[in-house]
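J.: Residue numbering for the first sequence follows this note's numbering, starting at 1285 and increasing by one per position.
C-beta atoms are modelled at their ideal positions from N, C-alpha and C, and glycine is treated no differently.
Next up is a structure, given as structure tokens.
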Amino acid sequence: MLALVDCNNFYVSCERVFDPSLEGRPVIVLSNNDGCAVARSNEAKALGIRMGAPFFQVRDLCNRHGVVVLSSNYELYGDMSRRVTSVLREFAPQLEIYSIDESFLHLGGIEDPTAMAKELNRKVRQWTGIPVSVGIANSKTLAKAANKIAKSKGSGVCQLEPATCTESLSKIPVGDIWGIGRRLRDKLAHLGISTAKDLAQAHPPLIRRIGGVTLERTLRELNGISCIEMEQPQPRKNICSSRSFGHPLTEISDVEEALSNYAITAVQRMRDQGTLAQGIQVFLGTNTFKENAPQYHNSISSSLPEPTDDRFTIVSTALRLLKQIFRSGYSYKKTGLLLLDLVPRHMRQGELFTQSNTESRAQLNRALDELNLQYGRNGVFLASQGIDRKWKMRRNQCTKRWTTSWSEIPTAGI
DNA sequence: TCTGGGGTCCTAGGACCC
DNA sequence: TCTGGGGTCCTAGGACCC
């Protein structure tokens, strides 16, 4: 038996913990650059604001209905997520963090999962301020479905048993099932499969022809046969860092500055997970939404002479690759890079023919890590990262880092 | 004016090996 | 006229997730 715990409207709920006046009001949180609505309170959903809606398309609606509009504050959400997880661990030591607001819990040996889930629900709310919903079943896909039902019921907890859940599945559109996106939904519709129940009762070989082994697994999971195991966290195989610019850029020097910063972010994440990159890919593009403007998109990759986690090598390689694909005369919207084929640090294979000063470089990198730990991110930075930061993303309505910065800690008045 | 960012897995097809 | 059989590795593209 396993449970899926999902935080309700997570980013909005985080904001409400530190500003209770948002309770009961329509609230949305925007993506980077204040671009799209990526979290909505129930009141905002009721107004018809869709997930991922570009903000400029709903701005008037928001003004008319007094919707509170916030920029995303990932430092806050990340920290709140860690707090929620630490409470969950008290209930189920074996857990898989699936995303910033969802975890699967292994419930082996728990006698009354529903009672436990109710207690978990209460405790997370009391200790972190975040409301959660719990779906319980014996496969991940069914637990996801149960979670959806728990959210709609308002009770916050729902358990599905394969033998008795046919009725519930008949009310769930097949496109709402985990693993079924728009394409598969449309393909299935042609076969007359429109609900989760239809899929659960379909002929497996037919389903395999339509959606391969992945979709057949979904079918079996809906019948309570667990095919998707609980996973332990694995180091990432690739790390990507990219951002749209706050304003379009035309000069290579500005793009270089932005790319240097994204490269440093990627290297930091790679160093944190203890891996080395064997290759690097850089990409660059104009704004695809501006159909009348000249468009240019390109990417280029290169393998590194030896696996490395050295800032200087990564940044200089990224900038060299950027020079190769940059064309002047375009208005650029976005750049970024991928660190490819990451391998564990201890599996490093040295270069045969060249003498590299690996050890002194490693020391320098470690010193920079420590300085940045002590003085904050970018306490020390490379000159190529720049100071102007013209490309910086827009974040006009960002709340404070209430839980991770001493200078922004909340104050209470009496 | 204004449209996010970061991932995973699977499959098919090409290039190559003996 | 007729042109083997069995494999690996890599890449691109498609589909999905939050």
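1) Going by DSSP, what residue range makes up the beta strand (DSSP E) through Thr1592?
2) For a test of the three-state rule: what should DSSP assign to Lys1521, helix, strand or coil?
3) I believe Trp1675 touches Leu1533 by the beta-carbon criterion, under 8 Å. Please report the beta-carbon distance rounded to the nearest angstrom.
4) With DSSP collapsed to three states, give me the class of Cys1346.
5) Within the stretch 1346-1385, note down every full alpha helix (DSSP H) run reaching 4 residues or more, in order along the chain.
6) So, is Pro1628 buried or exposed, given that buried needs 16 or more other C-beta atoms within 10 angstroms?
7) Ala1376 and His1390 - do their beta-carbons sit closer together than 7 Å?
8) Looking only at DSSP bridge pairs, what is Phe1567 linked to?
9) Could you tell me the distance, in whole angstroms, from the CA atom of Thr1450 to the CA atom of Glu1359?
10) By DSSP's criteria, Pro1338 is part of a beta bridge. Which residues make up the other side?
11) Nearest to Lys1424 by alpha carbon, out of Tyr1382, Gly1438 and Met1335?
12) In angstroms with no decimal places, state the Cα-to-Cα distance between Leu1314 and Arg1685.
13) Check whether the stretch 1500-1518 and the stretch 1591-1598 touch, using three or more Cβ-Cβ pairs below 8 Å as the test.
14) Would you kindly work out how many angstroms separate the C-alpha atoms of Ala1399 and Leu1444, rounded to a whole number?
15) Touch check for the stretch 1295-1313 and the stretch 1342-1354: three-plus C-beta pairs under 8 Å?
16) In the structure shown, what three-state DSSP assignment does Gly1459 receive?
17) Would you report the Cα separation of Tyr1361 and Val1296, rounded to the nearest angstrom?
18) Along the chain, where does the alpha helix (DSSP H) that runs through Ser1510 open and close?
19) Out of Thr1502, Tyr1659 and Leu1286, point me to the one whose CA is closest to Glu1395's CA.
20) Would the stretch 1567-1583 and the stretch 1546-1555 be scored as touching if the rule is three or more Cβ pairs under 8 Å?
21) Considering just the uninterrupted stretch of the beta strand (DSSP E) at Ser1417, what are its terminal residues?
22) What whole-angstrom Cβ distance do Ala1602 and Leu1543 have, given they're in contact under 8 Å?
23) Among Phe1529, Ile1536 and Arg1300, whose alpha-carbon lies nearest the alpha-carbon of Gly1413?
24) Looking at Leu1288: is its Cβ nearer than 7 Å to the Cβ of Gly1419?
25) Considering only the beta carbon of each residue, do Val1497 and Ala1480 sit closer than 7 Å?
26) Just checking, does the stretch 1509-1528 make contact with the stretch 1615-1630 on the three C-beta pairs under 8 Å criterion?
27) Relative to the C-alpha of Cys1291, which residue among Phe1388, Ile1598 and Arg1604 is closest?
28) Whole angstroms is fine: what's the gap from Val1371's alpha carbon to Gln1378's?
29) Does DSSP classify Gln1552 as helix, strand or coil?
30) When you compare only the Cα positions, how much space is there between Ile1477 and Lys1435?
31) Kindly indicate which residue of Gly1495, Asp1385 and Glu1500 has the alpha-carbon position closest to the one of Pro1488.
32) Beta strand (DSSP E) containing Cys1291: first to last residue?
33) Where does the unbroken beta strand (DSSP E) through Gln1443 begin, and where does it stop?
34) What does the alpha-carbon distance come out to for the pair Glu1643 and His1630?
35) Which same chain residues end up closer than 6 Å to Ser1263 when comparing Cβ atoms and leaving out the 5 residues on each side of it in sequence?
36) My guess is that Lys1618 and Ser1528 are in contact by the Cβ rule of under 8 Å, so how many angstroms apart are they, rounded?
T.: On the basis of the supplied data:
1) Residue numbering aside, residue 1592 sits at position 308 when the first sequence is read from its first letter. Segment His1581 to Thr1592, the beta strand (DSSP E) holding Thr1592.
2) Taking the first sequence and counting its residues from 1, one reaches residue 1521 at position 237. In this structure, DSSP gives Lys1521 a state outside helix and strand, which the three-state scheme calls coil.
3) On the first sequence, residue 1675 is found 391 positions in, with the first residue counted as 1. On the first sequence, residue 1533 is found 249 positions in, with the first residue counted as 1. Taking the Cβ atoms as the reference, Trp1675 lies roughly 6 Å from Leu1533, within the contact range of under 8 Å.
4) In the first sequence, residue 1346 corresponds to position 62, counting from 1. The three-state reading of DSSP puts Cys1346 in helix, counting H, G and I together.
5) 1358-1375
6) Here residue 1628 corresponds to residue number 344 of the first sequence, with the count starting at 1. Per the 10 Å Cβ criterion, exposed.
7) In the first sequence, counting from the first residue as 1, residue 1390 sits at position 106. In the first sequence, counting from the first residue as 1, residue 1376 sits at position 92. Yes, Cβ-Cβ distance for His1390 and Ala1376 is below 7 Å.
8) Translated into positions along the first sequence, residue 1567 becomes position 283. Answer is Ser1583 and Gly1620, bridged to Phe1567.
9) The residue you call residue 1450 lines up with position 166 of the first sequence. The residue you call residue 1359 lines up with position 75 of the first sequence. C-alpha separation (whole angstroms): 42 Å.
10) Taking the first residue of the first sequence as position 1, residue 1338 is located at position 54. According to DSSP, Pro1338 bridges with Cys1320.
11) Numbered from 1 along the first sequence, position 140 holds the residue referred to as residue 1424. Across the set Tyr1382, Gly1438 and Met1335, the C-alpha of Tyr1382 shows the shortest separation from the C-alpha of Lys1424.
12) Taking the first residue of the first sequence as position 1, residue 1314 is located at position 30. Taking the first residue of the first sequence as position 1, residue 1685 is located at position 401. Rounded to whole angstroms, Leu1314 to Arg1685 spans 16 Å at the Cα level.
13) no
14) As a first step, residue 1399 is located in the first sequence; it is residue number 115 there, counting from the start. As a first step, residue 1444 is located in the first sequence; it is residue number 160 there, counting from the start. Between Ala1399 and Leu1444, the C-alpha separation is close to 14 Å.
15) yes
16) Residue numbering aside, residue 1459 sits at position 175 when the first sequence is read from its first letter. In this structure, Gly1459 counts as helix in the three-state DSSP scheme.
17) As a first step, residue 1361 must be located in the first sequence, where it is residue number 77. As a first step, residue 1296 must be located in the first sequence, where it is residue number 12. Their Cα atoms are separated by approximately 10 Å.
18) In the first sequence, counting from the first residue as 1, residue 1510 sits at position 226. Neither: Ser1510 is in no alpha helix (DSSP H) and is coded neither H nor E.
19) Here residue 1395 refers to the residue found at position 111 when the first sequence is read from its first residue. For the residues Thr1502, Tyr1659 and Leu1286, the minimum Cα distance to Glu1395 belongs to Leu1286.
20) no
21) Taking the first sequence and counting its residues from 1, the one referred to as residue 1417 is at position 133. Annotation: the continuous beta strand (DSSP E) that includes Ser1417 extends over Val1416 to Ala1421.
22) Within the first sequence, numbered from 1, the residue matching residue 1602 stands at position 318. Within the first sequence, numbered from 1, the residue matching residue 1543 stands at position 259. Indeed, because the Cβ distance is near 6 Å, the residues count as touching under 8 Å.
23) Counted from its first residue, the first sequence places residue 1413 at position 129. Ranking Phe1529, Ile1536 and Arg1300 by Cα distance to Gly1413 puts Arg1300 first.
24) Here residue 1288 refers to the residue found at position 4 when the first sequence is read from its first residue. Here residue 1419 refers to the residue found at position 135 when the first sequence is read from its first residue. Going by C-beta atoms, Leu1288 is nearer than 7 Å to Gly1419.
25) Locating residue 1497 in the first sequence gives position 213, counting from the first residue. Locating residue 1480 in the first sequence gives position 196, counting from the first residue. No. Outside cutoff.
26) yes
27) As a position in the first sequence, residue 1291 is number 7, starting the count at 1. For Cys1291, the closest of Phe1388, Ile1598 and Arg1604 by C-alpha to C-alpha distance is Phe1388.
28) In the first sequence, residue 1371 corresponds to position 87, counting from 1. In the first sequence, residue 1378 corresponds to position 94, counting from 1. About 13 Å.
29) Counting from one through the first sequence, the residue named residue 1552 turns up at place 268. In the structure shown, Gln1552 falls within a helical segment according to DSSP collapsed to helix, strand and coil.
30) Locating residue 1477 in the first sequence gives position 193, where the first residue counts as 1. Locating residue 1435 in the first sequence gives position 151, where the first residue counts as 1. Answer to the nearest angstrom: the Cα atoms are 24 Å apart.
31) As a working note, residue 1488 is residue 204 in the first sequence. Of Gly1495, Asp1385 and Glu1500, the residue nearest in Cα terms is Glu1500.
32) Mapped onto the first sequence, residue 1291 falls at position 7. Leu1286 to Cys1291 is the span of the beta strand (DSSP E), which, as asked, contains Cys1291.
33) Position 159 of the first sequence, counted from the start, is the residue given in the question as residue 1443. Segment Val1441 to Gln1443, the beta strand (DSSP E) holding Gln1443.
34) Looking up residue 1643 in the first sequence gives position 359. Looking up residue 1630 in the first sequence gives position 346. Between Glu1643 and His1630, the C-alpha separation is close to 14 Å.
35) Because the chain spans 1285 through 1698 in this model, residue 1263 falls outside it and cannot be assessed.
36) Translated into positions along the first sequence, residue 1618 becomes position 334. Translated into positions along the first sequence, residue 1528 becomes position 244. The pair is a contact, with the Cβ atoms about 5 Å apart (cut-off 8 Å).
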